[in-house]
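Report on the structure given below.
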Amino acid sequence: MRFNEGVFDAHVHTHGGCGVDNYLRNGLDNLTASGLDGMNLLCVRHGKSVCITDAEALLLKALYPGRFTVYSDGTYDIPEFGTTGEDFKNQIQDFIDAGADGLKMGDGELGPGVPLDDPRVDPMFDLIEKTGFPVIYHVGSAVYMPPRRRFQKNKEGILARFLGYDPARDEDLPENAGVHRTREQLEEQRAQIENLLKKHPKARITFPHMYFMSDDLDRLADFLDRHPYVNVDLTPCPEIYYHLSKNPNRSREFFEEYQDRLIFGTDNTLEMSPIEGITNIRRFLESDETFFAPQYGFDITGIAPLPPEVLRKIYRENFLRICDPKPFSPKKAAEYCDKLYETVRHFEELSEANKEELLEVARRLRQM
Numbered sequence: 020m021r022f023n024e025g026v027f028d029a030h031v032h033t034h035g036g037c038g039v040d041n042y043l044r045n046g047l048d049n050l051t052a053s054g055l056d057g058m059n060l061l062c063v064r065h066g067k068s069v070c071i072t073d074a075e076a077l078l079l080k081a082l083y084p085g086r087f088t089v090y091s092d093g094t095y096d097i098p099e100f101g102t103t104g105e106d107f108k109n110q111i112q113d114f115i116d117a118g119a120d121g122l123k124m125g126d127g128e129l130g131p132g133v134p135l136d137d138p139r140v141d142p143m144f145d146l147i148e149k150t151g152f153p154v155i156y157h158v159g160s161a162v163y164m165p166p167r168r169r170f171q172k173n174k175e176g177i178l179a180r181f182l183g184y185d186p187a188r189d190e191d192l193p194e195n196a197g198v199h200r201t202r203e204q205l206e207e208q209r210a211q212i213e214n215l216l217k218k219h220p221k222a223r224i225t226f227p228h229m230y231f232m233s234d235d236l237d238r239l240a241d242f243l244d245r246h247p248y249v250n251v252d253l254t255p256c257p258e259i260y261y262h263l264s265k266n267p268n269r270s271r272e273f274f275e276e277y278q279d280r281l282i283f284g285t286d287n288t289l290e291m292s293p294i295e296g297i298t299n300i301r302r303f304l305e306s307d308e309t310f311f312a313p314q315y316g317f318d319i320t321g322i323a324p325l326p327p328e329v330l331r332k333i334y335r336e337n338f339l340r341i342c343d344p345k346p347f348s349p350k351k352a353a354e355y356c357d358k359l360y361e362t363v364r365h366f367e368e369l370s371e372a373n374k375e376e377l378l379e380v381a382r383r384l385r386q387m
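Everything in the sequence shown is counted per the working numbering, starting at 20 for the first residue and increasing by one.
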């Protein structure tokens, strides 16, 4: 029996660029370290220098069926990928053809100042509605952050440097440290999302971090009631657990009422240890104790007891119902890698070694 058996992490970031064999090793090491049933890889693209991750993720999915799902990340402001509505739609179709299980989006990916309901996204969301291709769409950020405390260290000069004091790492953080978005900016984005959902009501979108509404569960309930195809995940950001801990009874009621709309996710990174992120959320869901979470910097209070069927849905069933992992054709995935290589081969920002990874992934896929 595995430690986290019965749990599928629907929100794990992956960046790649470390070589094909190292990427595959990272994936398997992270999976076995976590003990999870599986994980959903959110393939992050950061401009021209990081834009090949989903190729390696697709290979990982092919090698370990049922253990990995893949959400590809579109590119909307790089001319070589295309910047029209039809170009966006074609990218989504390429992901579907390659065997990706869904789309990862972020609220800044359309470009600086571009609204989230820009008309150019309508063709791609038409396709998303038509095919049922699921989306995880990060919209917003914290507009309040509680004070955070850190373990205190020896501030005197000592030889054991790992025990010593580092102000960047060890100082407590005051209220709202790191907050960079105003509530007015957040509400503007939410209004754009309302317009997007009005045009595309059957788009299966999961908004991570409880849509940054954990401080107002009544409002989140209304949002979910009005948009029956929408879900939220429980990835920490991390103030959502501060808000949920303020009234554990109300939080438990919400989790039971919306048990079919909540998805377990950690915001872990494939290239980093997964243990702490998983443990904090499971402890919140399965205990009623108040405990200090070093990862967050404050105390949180668990909302147990939740019925076993609620936990099963949150931990695994809801995501797999929405994602519905797709049949996989190694040949089509290889063709996608070839096409991606032709797009990025002249990018000076991308190393030659990274470009060669695409060809190596395609070669291995064709051998399957």
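From the three backbone atoms N, C-alpha and C, an ideal C-beta is built for every residue, glycine too.
Is Thr150 buried or exposed, if buried means 16 or more other CB atoms sit within 10 Å of its CB? It is exposed - the Cβ of Thr150 has fewer than 16 other Cβ atoms within 10 Å.
Starting from Gly104, follow the alpha helix (DSSP H) in both directions and report where the run begins and ends. Counting along the chain, the alpha helix (DSSP H) containing Gly104 begins and ends at 104 to 117.
Reduced DSSP category for Ser348 - H, G, I as helix; E, B as strand; rest coil: coil
Three-state secondary structure (DSSP) at Arg167? strand
How big is the Cα-Cα spacing for Phe273 and Val198? 26 Å
Run of the alpha helix (DSSP H) containing Val89, from where it starts to where it stops: Premise fails: Val89 lies in the beta strand (DSSP E), 87 to 92, not in any alpha helix (DSSP H).
Near Lys345, which residues of its chain fall below 7 Å by C-beta distance, leaving aside the five closest residues on each side in sequence? Gly118, Asp120
Cut-off 8 Å between Cβ atoms - residues of its own chain near His262, not counting five sequence neighbours on either side: Apart from sequence neighbours up to five positions away, the residues of its chain that approach His262 with a beta-carbon distance below 8 Å are Ser233, Asp234, ordered along the chain.
Measure the alpha-carbon distance for Ile147 versus Ala222 and round it to whole angstroms. Distance between the alpha carbons of Ile147 and Ala222: 6 Å.
Residue range of the unbroken alpha helix (DSSP H) whose run includes Lys408: Residue 408 is absent from the model: the chain starts at 20 and stops at 387.
Among Asn45, Gln314, Leu325, Glu258, which one has its Cα closest to the Cα of Arg269? Leu325
Among residues of its own chain, excluding the 5 on either side of Asn214, which ones have a beta-carbon nearer than 8 Å to its beta-carbon? Asp136
Under 8 Å: do the stretch 164 to 171 and the stretch 188 to 207 share three or more Cβ pairs, one atom per stretch? yes
Can you round the beta-carbon distance between Gly284 and Gln208 to whole angstroms, since I take them to be within the 8 Å contact cut? The pair is not a contact, with the Cβ atoms about 20 Å apart (cut-off 8 Å).
Three-state secondary structure (DSSP) at Phe274? Of the three classes helix, strand and coil, the one that applies to Phe274 here is helix, per DSSP.
Apart from the five residues just before and just after Thr362, which ones in its own chain have a Cβ nearer than 8 Å to its Cβ? Glu99, Phe100
Taking all protein chains shown into account, do 16 or more other C-beta atoms lie within 10 angstroms of the C-beta of Arg382, making it buried, or fewer, making it exposed? exposed
Mind listing, in chain order, the continuous beta strand (DSSP E) runs of no fewer than 3 residues lying wholly within the stretch 290 to 330? 309 to 312, 317 to 320
If you draw a straight line from the C-alpha of Tyr230 to the C-alpha of Cys256, how long is it? 10 Å
If you follow the alpha helix (DSSP H) that Ala29 is in, where does it begin and where does it stop? Element bounds for Ala29: not the alpha helix (DSSP H) but the beta strand (DSSP E), 27 to 33.
So with Cβ pairs under 8 Å, would you call Glu190 a contact of chain D? Given the protein chain composition of this structure (a single chain), no chain D is represented.
Evaluate contact between the stretch 283 to 297 and the stretch 48 to 59, counting only Cβ atoms and requiring at least three cross-stretch pairs below 8 Å. yes
Distance, Cα to Cα, Asp141 vs Phe170? 48 Å
Would you please state the rounded distance, in angstroms, between the beta carbons of Lys351 and Asp116? I believe it to be under 8 Å. 5 Å
Examine the Cβ distances between the stretch 363 to 370 and the stretch 68 to 83 and report whether three or more of them are shorter than 8 Å. yes
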